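See structure below.
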Amino acid sequence: MKNTFTLIAMSFLVISTFSCKKESDKDETEVAVKNTVSEDYNISLLLDLSDRISLEKNPNPTMEYYQRDLGYIKSVSEAFTQHLKSKRIRQINDKMQLFFNPEPLDPAINTIAQNLRISIDKNNASKELLNSINSNYASQTSKIYESAIKDNKYVGSDIWSFFDSKVKDQCIENKYRNILIVLTDGYMFYESTVMKEENRTTYITPEIIRKNGLNTKDWDKKFNDQDFGFIKANDDLSNLEVLVLGINPDKKNPYEEKVIRAYWTKWFTEMKISHFEIKNADLPSNMEKIIKDFILNKE
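Residues in the sequence shown are numbered consecutively from 1, following this note's numbering.
Written out as structure tokens, the structure is:
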């Protein structure tokens, strides 16, 4: 009788263990399947090719600003390819493109930009294509900056107008994670887009900051009380994430960086951009992790 009870108990234990293992395997399978489902990325780069990259006007002995831009772009393309390689071929449906506003006068630059518009899906995805993206972006964007610097006719950068009339059409698509990387020094000025509504403007320069008295320790009180900032360029950009890279404040004003950040932060917040970061023109090696974390690790 004792042996019979022992056999029954052992059988029950085996069955229970088997059932638990099956449930565990099922759970692990479900988790694995969920983890293979990934968002489709739509990454855009907006390049400020104004005289901020001029070797004569803004030289930097440590590393020229255009070289920093190239380093940032390298990190962006690497994050993009890392995202692609994390997906199964049949899941791939991602995009990356590059913009200027206005378009450079050199038609060769515009042709290069057109060639850097990548749309990759299950029909054209291949190991060769994925492995070529980083080297292609590095070499082609280098040509863009070299041409702009050699030409030495900086047409400026109309970032405000881009957010006003182009960002929704060119950088936002339904059912995508839309990410815009803006490479700029943080200042805005374009002659054809100079507007002022009380203390709101479409521009910000070191001269304007000084003229408005935002170069003292009480700058933030004046900024808030008198409602300084950019004119809102869009009502709802909640389906867009923005990473600004390259902020380079005038060293004459110790509060300059804080003022620039206040302008951009207020602008993005009023346009309902919930996920954004604003970073200085640090060395690319210091920015690599920040850039990749922003793109690959959504909050």
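Even glycine gets a Cβ: it sits at the ideal position worked out from N, Cα and C. From a predicted model like this one, the values you see are computed outputs, not experimental measurements.
Give the secondary structure of residue i by DSSP, where H, G and I count as helix, E and B as strand, and everything else as coil.
| i | result |
| --- | --- |
| residue 186 | coil |
| residue 136 | helix |
| residue 212 | coil |
| residue 147 | helix |
| residue 118 | strand |
| residue 175 | coil |
| residue 242 | strand |
| residue 273 | coil |
| residue 181 | strand |
| residue 252 | coil |
| residue 265 | helix |
| residue 196 | strand |
| residue 129 | helix |
| residue 292 | helix |
| residue 58 | coil |
| residue 231 | coil |
| residue 279 | strand |
Starting from the C-beta of residue i, find all residues in its chain whose C-beta is less than 6 angstroms away, skip the five residues before and the five after it, and write them out in chain order.
| i | result |
| --- | --- |
| residue 245 | 72, 183, 279 |
| residue 190 | 156, 158 |
| residue 241 | 179, 275 |
| residue 253 | 215 |
| residue 228 | 199 |
| residue 118 | 96 |
| residue 206 | 250 |
| residue 59 | none |
| residue 266 | 229 |
| residue 125 | 89, 92 |
| residue 264 | 278 |
| residue 238 | 272 |
Could you round the C-beta distance between residue i and residue j to whole angstroms and report it? I think they count as a contact, below 8 angstroms.
| i | j | result |
| --- | --- | --- |
| residue 100 | residue 113 | 7 angstroms |
| residue 52 | residue 284 | In fact, because the Cβ distance is near 16 angstroms, the residues do not count as touching under 8 angstroms. |
| residue 222 | residue 213 | 6 angstroms |
| residue 249 | residue 186 | 7 angstroms |
| residue 148 | residue 49 | 5 angstroms |
| residue 92 | residue 122 | 6 angstroms |
| residue 234 | residue 168 | 7 angstroms |
For residue i, collect the residues of the same chain with a Cβ closer than 8 angstroms to its Cβ; drop the 5 residues on either side in sequence, then sort them by chain order.
| i | result |
| --- | --- |
| residue 44 | 96, 97, 98, 99, 170, 171, 178, 179, 180, 181 |
| residue 83 | 38, 41, 94, 295, 296 |
| residue 290 | 277, 279 |
| residue 217 | 255 |
| residue 281 | 65, 68, 185, 245, 246, 247, 248 |
| residue 160 | 188, 190, 193, 202, 203, 230, 231, 233 |
I'd like to confirm something about residue i: is its beta-carbon nearer than 6 angstroms to some heavy atom of the ligand MN, or not?
| i | result |
| --- | --- |
| residue 59 | Within the structure as shown, the ligand MN is missing, as the structure has no ligands at all. |
Near residue i, what residues of its chain come up, given a Cβ to Cβ distance below 7 angstroms and the 5 sequence neighbours on each side ignored?
| i | result |
| --- | --- |
| residue 209 | 215, 253, 256, 259 |
| residue 231 | 195, 197, 200, 201, 202 |
| residue 143 | 112 |
Could you check whether the stretch 184–204 touches the stretch 158–168, counting it as contact only if at least three pairs of C-beta atoms, one from each stretch, sit closer than 8 angstroms?
Touching, per the Cβ criterion.
Jot down the residue ranges of each uninterrupted alpha helix (DSSP H) in the stretch 60–112, minimum 4 residues, whole runs only, in chain order.
Fully enclosed alpha helix (DSSP H) runs of 4 or longer: 65–85.
I want to know whether the stretch 74–81 touches the stretch 126–137 - three or more CB-CB distances under 8 angstroms.
Under the three-pair Cβ rule at 8 angstroms, the stretch 74–81 counts as touching the stretch 126–137.
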